[in-house]
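**Student:**
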Amino acid sequence: MRFGCLKWPPESCTTSDHEVVRQKIKEFAPEQGWLCFQSKVHYFREPDKMSFSGILLYGEVVKKATNQSLHIREEGQNAWILTYFEETEGDNYLLENTVLLGEKELAPKKLGYRLYWQYDEKQGYRQLAARFNGFTDT
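FYI, the numbering for the sequence shown is 918 to 1055, going by my numbering.
(1) Using the beta-carbon count (16 or more within 10 Å), is Tyr960 buried or exposed?
(2) Are three or more beta carbon pairs between the stretch 947-967 and the stretch 1048-1055 nearer than 8 Å?
(3) Who are the Cβ neighbours of Glu1038 in its own chain at under 6 Å, not counting the five residues just before and after it?
(4) Among the residues of its own chain, which have a CB less than 6 Å from the CB of Ser986, if the five just before and after it don't count?
(5) Are Leu1032 and Gln1044 closer than 8 Å when you measure CB to CB?
(6) Drop a sphere of 10 angstroms on the beta-carbon of Met918, count the other beta-carbons inside from all chains shown, and report buried for 16 or more, exposed for fewer.
(7) How long is the line joining the alpha carbons of Glu1013 and Ser968, rounded to whole angstroms?
(8) Helix, strand or coil, according to DSSP, for Arg1031 in the structure here?
(9) According to DSSP, simplified to helix, strand and coil, what is Thr1000?
(10) Applying the criterion that 16 or more other CB atoms from any shown protein chain within 10 Å of the CB defines a buried residue, is Pro926 buried or exposed?
(11) If you measure between the beta carbons of Tyr1042 and Phe920, is that distance less than 8 Å?
(12) So, using beta-carbon positions, are Thr1005 and Cys930 closer together than 8 Å?
(13) Taking 7 Å as the cut-off, does the CB of Thr1015 come closer than this to any heavy atom belonging to the ligand MN?
(14) Please report the straight-line C-alpha distance between Thr1053 and Leu1028, rounded to a whole angstrom.
Pasting the structure below:
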């Protein structure tokens, strides 16, 4: 573990238009990520492999070079919350890199996440946020 900065609170926006969600993801220009649609989960390790097949339910994408992640979550019916996480100048938090195993044979075997811990006087360190940090083979 080490200390690092995270822009907090993260920038977020809400939309009820699934085309706006697609456009925001394209504008973000992710390098890697996963997108969950009604009929399948699409994983991509290269930007040109990203595709859309139906209405997006949720997903996580990353720009590793700039330490930015975009998390997409469906909020009720016909609404999405897009949350932008960025390591930049900001509050200092304890960082923990963790690797989770993919749950399907089609998924990349390992998914990297970065956890941010904030110190609380009464309870010690508590997890503040977690962001997708890309796929890894290690």
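No residue lacks a Cβ here, since even glycine has one placed at the ideal position from N, Cα and C.
**Tutor:** If we stick to the structure as given:
(1) Position 43 of the sequence shown holds residue 960. Tyr960 comes out buried.
(2) yes
(3) Taking the sequence shown and counting its residues from 1, the one referred to as residue 1038 is at position 121. So the list is empty, once near-sequence residues are dropped.
(4) Numbered from its first residue, the sequence shown carries residue 986 at position 69. Cβ neighbours of Ser986 beyond the five flanking positions: Val979, Phe1002, Arg1048 and Phe1049.
(5) If you number the sequence shown from 1, residue 1032 lands on position 115. If you number the sequence shown from 1, residue 1044 lands on position 127. Going by C-beta atoms, Leu1032 is nearer than 8 Å to Gln1044.
(6) In the sequence shown, the residue the question calls residue 918 occupies position 1. Met918 comes out exposed.
(7) The sequence position of residue 1013 within the sequence shown is 96, counting from 1. The sequence position of residue 968 within the sequence shown is 51, counting from 1. Whole-angstrom Cα-Cα distance: 30 Å.
(8) In the sequence shown, residue 1031 corresponds to position 114, counting from 1. Note: Arg1031 maps to strand in three-state DSSP.
(9) What you label residue 1000 is simply residue 83 of the sequence shown in a count that begins at 1. Strand, per DSSP.
(10) The residue you call residue 926 lines up with position 9 of the sequence shown. Pro926 comes out exposed.
(11) To locate residue 1042, count along the sequence shown from 1; it is residue 125. To locate residue 920, count along the sequence shown from 1; it is residue 3. Taking 8 Å as the cut-off, the Cβ atoms of Tyr1042 and Phe920 do not count as close.
(12) Along the sequence shown, one-based indexing puts residue 1005 at 88. Along the sequence shown, one-based indexing puts residue 930 at 13. Going by C-beta atoms, Thr1005 is not nearer than 8 Å to Cys930.
(13) You won't find the ligand MN in this model; it holds no ligand whatsoever.
(14) Residue 1053 sits at position 136 when you count from the first residue of the sequence shown. Residue 1028 sits at position 111 when you count from the first residue of the sequence shown. Going by the C-alpha atoms only, they are around 6 Å apart.
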